[in-house]
DNA sequence: CTCTTTATTTCGAGGCTCGAAAAAAATAGT
DNA sequence: ACTATTTTTTTCGAGCCTCGAAATAAAGAG
C-alpha cells in the first residue's frame with residue numbers, strides 16, 4: 020500500500036552486481052581497478068563480485084587487451100562480458116516489415132533476417148508464423164559456441180502493455196490485444212518483453228549518445244503514425260497501462276481532422292505522413308486516411324513543398340504547427356527537454372522546423388530557458404533494433420544474472 | 020552517469036526503519052506484531068529497529084492503548100510516534116494569504132496563524148517579514164514540552180524549484196526567483212522545502228484517501244490560476260526543473276486568449292476565474308486579465324450561469340472545454356487516471372462537467388477503459404496544509420531520523 | 001498454582017561492504 | 001642477475017544487516 024519494498028542484505032549484492040555489469044556494458048574491456056573507479060565500490064567488493072561472475076561464466080578475463088603495457092607495477096587484467104553465456108533475440112514489427120536479429124551477450128550480431136510481409140492484411144497467426152519461421156531459421160543456423168537463447172525483445176509500432184507483454188492496438192495490423200509475449204514465451208521457453216517502438220528508440224539514443232540524451236529527453240517518431248519515447252529523471256517514462264507516451268494522440272484541434280485512431284483532432288491527424296498526403300490530395304480532413312503511404316510518394320510531396328508555395332507547403336506547415344502545439348503542451352507538463360526527431364518526418368525537418376519553433380517559443384512564461392534542441396535521425400530502424408537489444412541485455416544483467424530471488428525491472432515485466 | 024547509486028549494508032537498515040516509521044504514521048498505535056504483519060519484516064528485525072527508535076526517543080511505548088484487552092497470552096504493547104521529538108512548521112502562501120501552522124511529530128496542530136496580506140503589492144522582503152513574524156510568534160508561544168523546530172515546508176501558488184527551494188515565478192506577487200528556502204533556512208537553522216501548492220494537495224489526498232488516490236492520480240486546482248499535482252506509479256511526478264506539472268499552461272488554442280503568464284491560448288486563459296470573469300464582462304479575450312477575483316463576484320457569475328443561457332453559461336462552457344481538452348492530451352500521454360478537482364472551480368463543477376466529459380470521451384481510441392472519475396474538493400486550503408505537513412514529517416522520518424549518511428529524498432531537496 | 005497462549009527478545013548463522021594487510025606480478029635500477 | 005619499487009588484486013577481520021529458532025515474558029484458563 021503506502022509501504023513499499025522491504026530491503027534485505029542480499030539486495031545490496033544484487034544492486035552492486037548490476038553496477039559492475041553496467042560498467043562492463045559501457046566499456047567492453049575494464050580492469051578491476053577501472054571498475055572500482057567507475058562504480059565507487061571498494062576494491063575488495065569488486066574483487067568478490069568479479070570472482071563470482073567469472074565462476075558463473077558471465078564475464079571472462081581477457082589477456083589480449085593489454086591495457087597497461089610498459090607500465091611499472093602489476094599489470095591490470097582486463098575483464099569483459101562473455102559473449103557466449105547467452106543469446107537474445109530482437110523482433111521489430113513495423114508496417115509491412117518484420118526484422119529479427121540474434122545477438123550474443125556482448126551485443127554483437129549473430130544472425131539476422133529481414134522479411135517484408137503484408138501486415139495490414141495479416142492475422143495474428145500470420146504474423147506469429149512469420150516471426151516463428153524467422154526465429155527458427157536463425158536459431159538453427161547459430162554457430163556451435165553461441166549461448167542458449169535467454170530472452171526475446173519485441174518492438175512494435177502501436178500501443179503495447181509492458182506488464183502483460185501484449186500489443187493492445189496497432190495501426191499496422193487489424194487484430195487487437197495480441198499477447199505476443201505469452202505465445203512466444205510458451206514457444207521458446209524464455210521471457211519475452213513487448214514494447215512500443217518509440218520507447219526502444221529512446222533507449223537506443225540514451226546508450227549511443229549519452230552526452231545528449233541522459234536524464235531527460237524525448238524521441239518522437241514521425242512516420243506512418245506518430246509516437247514518442249520519453250526519458251525523465253534518467254528513467255523511461257511509460258504510461259499507466261500502456262508502455263508508450265502517446266504524443267501523437269494528444270489533442271491539437273478539438274473536433275478537427277480525423278485520426279486513424281478513430282478520434283478527431285489528434286496531432287497525428289495533422290502531422291503523420293497520411294495526414295500530409297490526405298491534405299495534398301485535396302481530400303477533406305475528415306475523410307478516412309490511407310492505410311499505407313509509400314516513401315516515394317511522400318518524398319515527391321516533400322520536394323514539391325520545397326519548390327515553393329502551394330498546398331504541399333501548407334500541409335507541412337500544418338504538420339509543424341501540430342507538432343509544435345504538442346511540444347508546447349508537453350513542455351508545460353514536464354519542462355523543456357531535448358527532442359530527437361526520428362523517421363521519415365526527420366527527413367523533412369526543413370519543412371516543419373520554422374512552425375514548430377514558432378509555436379514552442381516562449382514555452383516558459385516565467386523566463387525559464389526557452390531554447391529548443393532538436394536533432395534528427397531519418398532512419399528509425401537501426402535505433403529500434405538497438406533499443407530492443409539494449410533493454411534485452413540489461414534485462415539479463417538485472418534479472419537472470421542477479422543472485423537470489425528475482426524482482427521486476429522498472430521497465431518491463433516478464434512472462 | 021549511466022551508473023546509479025551503489026548500495027551499502029546500512030542502506031538496508033535505513034530503508035527498513037523508514038518502513039517501520041511509515042507504518043506508524045499510518046496507524047498511530049501499532050504493536051510490534053502489527054508492524055511485523057504490515058511490513059513483512061521478521062519479528063527479530065522489528066524488535067531491533069523499534070528498540071533503537073525508542074532509545075533515540077523517536078517512538079514511545081504507550082500503555083494506555085489497550086489494544087488486546089482480555090485476550091489470552093502476553094498482551095501486545097502499543098507503539099506510537101513521540102510527538103515531542105520534533106516540531107515542524109508549514110507555510111501556505113496564496114493570493115493575499117499567509118497561513119502558518121506548527122505541528123508536532125505526530126501531526127497534531129500546536130499553534131496556528133492566518134494572516135491576510137496584500138501579496139500582489141508585496142516585495143519579497145514584505146512577504147518574508149510577515150512569514151517571519153508569524154513563525155516567531157508561534158514558536159515563542161509553544162508549550163514547554165514541544166520538540167525543537169526541525170523542518171519548514173512551504174506550499175506556494177506558482178512555479179517552484181524543489182532543488183533550490185526557490186519560488187521561480189508566482190501570480191500572487193511581483194518578484195521572481197525568490198529563494199525562500201535559503202533565507203528561511205539561514206534564519207531558523209533548519210532545512211526548508213518549497214513546493215508547489217498543487218503538489219501538496221496531491222500529497223494530502225494520497226494520505227487521507229489512499230483508497231481512491233494510490234498509484235496514479237492528478238489533483239487539479241481551479242482557482243486564481245490552474246495548477247496540477249500528479250502522482251504516477253506511486254511517486255510524485257515533478258517536472259524536470261520546476262516542481263509542478265503546469266497543466267494550466269498546456270496549449271488549448273494556438274494564438275488564443277491571453278494568459279496571465281504572458282502567452283496566448285493556455286488552458287488557464289479559458290478556465291481560471293479571471294478568464295471566466297473577463298469573458299462575462301464582455302472584454303476581449305486578449306485583454307489583460309484581472310489580478311484578483313473575489314469569491315463573491317465569482318459566485319454571482321456562477322449563479323447567473325445556473326439560471327439559464329447567456330454569456331455566463333457560455334463562459335463556463337468554454338472553461339469546461341479547455342479543461343477537457345487538457346485532460347484529453349494528458350490522458351494520451353499517461354493514460355486515464357482519477358482526477359480530483361480542487362478549489363473554487365470544484366464548486367462550479369455542475370457548470371463544467373458536461374463539457375469536460377464530452378471532450379475527454381473516447382480518450383483511448385483502441386478500446387481502453389474510457390471512464391473518467393472526478394471528485395471535487397471545493398476548499399483547497401486544508402489540503403495544502405495537510406500536504407505540507409505530511410511531506411515535512413515524511414522528510415523527518417526519512418532523512419533526519421535515518422541513521423548513517425543522509426541522501427536526498429525523491430521529492431524535495433533540502434538546503 | 002500450573003498450563004496454555006501470545007508477544008517480544010536473544011542468539012547464532014550467513015550475508016554484505018569496507019579498510020588494512022598481504023600477495024602477486026610487472027618494471028627500474030644497480 | 002637480483003633486489004627495490006610500484007601497481008593490481010586478493011585475503012582477512014570488523015562491523016553492519018536480516019532471519020529462524022529458541023528462550024523469555026506476561027497475560028488468561030483451568
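Residue numbers (our numbering), protein chains in the order written: chain W, 20 to 434; chain A, 20 to 434.
Positions of the beta carbon are idealized from the N, C-alpha and C atoms, including for glycine.
* How many angstroms separate the CA atom of residue 91 of chain W from the CA atom of residue 31 of chain A? -> Taking the first residue of the first chain as position 1, residue 91 of chain W is located at position 72. Taking the first residue of the second chain as position 1, residue 31 of chain A is located at position 12. Cα to Cα, the separation comes out at about 41 Å.
* Asked: Anyone know if the C-beta pair for residue 170 of chain A and residue 414 of chain A falls short of 7 Å?
  -> For the purposes of this step, residue 170 of chain A is identified with residue 151 of the second chain, where counting begins at 1. For the purposes of this step, residue 414 of chain A is identified with residue 395 of the second chain, where counting begins at 1. Taking 7 Å as the Cβ cut-off, residue 170 of chain A and residue 414 of chain A qualify as a contacting pair.
* What are the boundary residues of the beta strand (DSSP E) that residue 81 of chain A is part of? -> Working through the second chain from its first residue, we reach residue 81 of chain A at position 62. Bounds of the beta strand (DSSP E) holding residue 81 of chain A are 78-81.
* Under 7 Å between C-beta atoms of residue 365 of chain W and residue 397 of chain W -> Taking the first chain and counting its residues from 1, the one referred to as residue 365 of chain W is at position 346. Taking the first chain and counting its residues from 1, the one referred to as residue 397 of chain W is at position 378. Contact: yes.
* Taking residue 116 of chain W as part of the beta strand (DSSP E), name the residues at either end of that continuous run. => By one-based count along the first chain, residue 116 of chain W stands at place 97. Residue 116 of chain W -> beta strand (DSSP E) spans 116-123.
* Could you tell me which residues DSSP pairs with residue 188 of chain A in its beta bridges? => The residue labelled residue 188 of chain A in the question sits at position 169 within the second chain. Residue 188 of chain A pairs with A:178.
* Would you identify the three-state DSSP class for residue 171 of chain A, choosing helix, strand or coil? => Here the question's residue 171 of chain A lines up with position 152 in the second chain. Residue state for residue 171 of chain A is assigned as strand, using DSSP reduced to three classes.
* **residue 178 of chain A versus residue 393 of chain W: straight-line alpha-carbon distance, rounded** => As a working mapping, residue 178 of chain A is identified with position 159 in the second chain. As a working mapping, residue 393 of chain W is identified with position 374 in the first chain. Approximately 25 Å, taken between the alpha carbons.
* Contacts of residue 30 of chain A in chain W (Cβ-Cβ under 9 Å) -> Taking the second chain and counting its residues from 1, the one referred to as residue 30 of chain A is at position 11. Residues of chain W passing the Cβ test: 26, 30, 31 and 34.
* To do: Compute the distance between the beta-carbons of residue 354 of chain A and residue 317 of chain A, then report whether it is under 7 Å.
  => Locating residue 354 of chain A in the second chain gives position 335, where the first residue counts as 1. Locating residue 317 of chain A in the second chain gives position 298, where the first residue counts as 1. No, the Cβ-Cβ distance between residue 354 of chain A and residue 317 of chain A is not below 7 Å.
* Asked: How would you call residue 380 of chain W, buried or exposed, if buried means at least 16 neighbouring beta carbons within 10 angstroms?
  -> Numbered from 1 along the first chain, position 361 holds the residue referred to as residue 380 of chain W. Counting of Cβ neighbours within 10 angstroms places residue 380 of chain W among the exposed residues, the total staying below 16.
* Asked: Quick one, are the C-beta atoms of residue 126 of chain W and residue 408 of chain W less than 7 Å apart?
  -> Along the first chain, read from residue 1 onward, the residue named residue 126 of chain W stands at position 107. Along the first chain, read from residue 1 onward, the residue named residue 408 of chain W stands at position 389. Contact check for residue 126 of chain W against residue 408 of chain W passes: the beta carbons are separated by less than 7 Å.
* Beta-carbon gap between residue 417 of chain A and residue 27 of chain A smaller than 7 Å -> Position 398 of the second chain holds residue 417 of chain A. Position 8 of the second chain holds residue 27 of chain A. Contact annotation: residue 417 of chain A and residue 27 of chain A have beta-carbon atoms that are not nearer than 7 Å.
* Asked: What residues from chain W crowd round residue 340 of chain A, counting only those whose CB sits closer than 9 Å?
  -> In the second chain, counting from the first residue as 1, residue 340 of chain A sits at position 321. The contacting residues are 273.
* Can you pull the chain A residues whose beta carbon is under 8 Å from the beta carbon of residue 344 of chain W, in chain order? => Locating residue 344 of chain W in the first chain gives position 325, where the first residue counts as 1. 270 and 273, listed in chain order.
* Can you tell me the Cβ-Cβ gap for residue 200 of chain A and residue 185 of chain A, rounded? I've got them flagged as a contact below 8 Å. => Position 181 of the second chain, counted from the first residue, corresponds to residue 200 of chain A. Position 166 of the second chain, counted from the first residue, corresponds to residue 185 of chain A. Yes, they are in contact, since the Cβ atoms of residue 200 of chain A and residue 185 of chain A sit about 6 Å apart, within 8 Å.
* **Identity of the residue in A:75, A:205, A:328 and A:340 nearest residue 289 of chain A by Cα** => Taking the second chain and counting its residues from 1, one reaches residue 289 of chain A at position 270. Looking at the Cα atoms, A:340 is the closest of the given residues.
* Just mark residue 118 of chain W as buried or exposed, buried being the case when its beta carbon has 16 or more other beta carbons within 10 Å. => The sequence position of residue 118 of chain W within the first chain is 99, counting from 1. Counting Cβ neighbours within 10 Å, residue 118 of chain W comes out buried, since at least 16 surround it.
* **Beta-ladder partner(s) of residue 111 of chain A, from DSSP** => On the second chain, residue 111 of chain A is found 92 positions in, with the first residue counted as 1. For residue 111 of chain A, which the question treats as bridged, DSSP gives the partners A:118 and A:174.
* Quick one: does residue 59 of chain W have its CB under 7 Å from some CB of chain A? -> The residue given as residue 59 of chain W occupies position 40 in the first chain. Using a CB distance cut-off of 7 Å, residue 59 of chain W counts as an interface residue toward chain A.
* Could you check if residue 133 of chain A is buried or exposed, using at least 16 other CB atoms within 10 Å of its CB as the buried criterion? => For this step, residue 133 of chain A is matched to residue 114 along the second chain. That one is exposed.
* C-alpha gap between residue 113 of chain W and residue 335 of chain W, whole angstroms -> In the first chain, residue 113 of chain W corresponds to position 94, counting from 1. In the first chain, residue 335 of chain W corresponds to position 316, counting from 1. If you take the alpha carbons of residue 113 of chain W and residue 335 of chain W, they lie about 24 Å apart.
* To do: Whole angstroms is fine: what's the gap from residue 265 of chain A's alpha carbon to residue 351 of chain W's?
  => Counting from 1 along the second chain, the entry for residue 265 of chain A is found at position 246. Counting from 1 along the first chain, the entry for residue 351 of chain W is found at position 332. Residue 265 of chain A and residue 351 of chain W: Cα-Cα distance of roughly 5 Å.
* **Cβ shell of residue 298 of chain W (< 6 Å), same chain only, five flanking positions each side left out** => For this step, residue 298 of chain W is matched to residue 279 along the first chain. When the five nearest sequence neighbours on each side are left out, the beta carbons in the same chain lying within less than 6 Å of the beta carbon of residue 298 of chain W are those of 334, in order along the chain.
* **Short CB-CB distance (under 7 Å) between residue 348 of chain W and chain A** => What you label residue 348 of chain W is simply residue 329 of the first chain in a count that begins at 1. At least one CB of chain A lies nearer than 7 Å to the CB of residue 348 of chain W.
* Asked: Does the separation of the CB atoms of residue 301 of chain A and residue 287 of chain A fall below 7 Å?
  -> One-based indexing of the second chain puts residue 301 of chain A at position 282. One-based indexing of the second chain puts residue 287 of chain A at position 268. In terms of Cβ geometry, residue 301 of chain A and residue 287 of chain A do not form a close pair [threshold 7 Å].
* To do: Reducing DSSP to helix, strand and coil, say where residue 280 of chain A ends up.
  => Locating residue 280 of chain A in the second chain gives position 261, where the first residue counts as 1. In the structure shown, residue 280 of chain A adopts coil according to DSSP, grouped into three states.
* Beta-carbon proximity check, residue 100 of chain A vs residue 49 of chain A, cutoff 7 Å -> Taking the first residue of the second chain as 1, we reach residue 100 of chain A at position 81. Taking the first residue of the second chain as 1, we reach residue 49 of chain A at position 30. Against a cut-off of 7 Å, the Cβ pair of residue 49 of chain A and residue 100 of chain A comes out as no contact.
* Nearest-angstrom Cα distance between residue 331 of chain A and residue 322 of chain A? -> On the second chain, position 312 is the one that residue 331 of chain A refers to. On the second chain, position 303 is the one that residue 322 of chain A refers to. Those two C-alpha atoms are separated by around 9 Å.
* Asked: Which one or two residues does DSSP pair with residue 215 of chain W in a beta bridge?
  -> In the first chain, residue 215 of chain W corresponds to position 196, counting from 1. Note: residue 215 of chain W sits in a beta bridge opposite W:175.
* What is the DSSP secondary structure of residue 305 of chain W, reduced to helix, strand or coil? -> Taking the first residue of the first chain as 1, we reach residue 305 of chain W at position 286. Of the three classes helix, strand and coil, the one that applies to residue 305 of chain W here is coil, per DSSP.
* Asked: CA-CA distance, residue 172 of chain W and residue 205 of chain W?
  -> As a position in the first chain, residue 172 of chain W is number 153, starting the count at 1. As a position in the first chain, residue 205 of chain W is number 186, starting the count at 1. CA-CA distance, residue 172 of chain W to residue 205 of chain W, rounds to 14 Å.
* Beta bridge counterpart(s) of residue 49 of chain A as assigned by DSSP -> Indexing the second chain from 1 puts residue 49 of chain A at position 30. Paired residue(s): A:98.
* For residue 428 of chain A and chain W, any beta-carbon pair shorter than 7 Å? -> Taking the second chain and counting its residues from 1, one reaches residue 428 of chain A at position 409. The pLDDT assigned to residue 428 of chain A is 30, lower than 50, so where the model puts this residue is not dependable, and the model offers no usable value.
* **7 Å CB neighbourhood of residue 428 of chain A in its chain, flanking five on each side removed** => Residue mapping note: residue 428 of chain A aligns to position 409 of the second chain, counting from 1. Residue placement at residue 428 of chain A is poorly supported in this model, since its pLDDT is 30, which falls under 50; the coordinates still yield a value, given next. Short of 7 Å from the beta carbon of residue 428 of chain A, and not among the five residues preceding or following it, lie these beta carbons of its own chain, in chain order: 414, 417 and 418.
* Asked: Using the rule of at least 16 other Cβ atoms within 10 Å of the residue's Cβ for burial, across every protein chain shown, is residue 271 of chain A buried or exposed?
  -> Your numbering for residue 271 of chain A matches position 252 in the second chain. It is buried - the Cβ of residue 271 of chain A has at least 16 other Cβ atoms within 10 Å.
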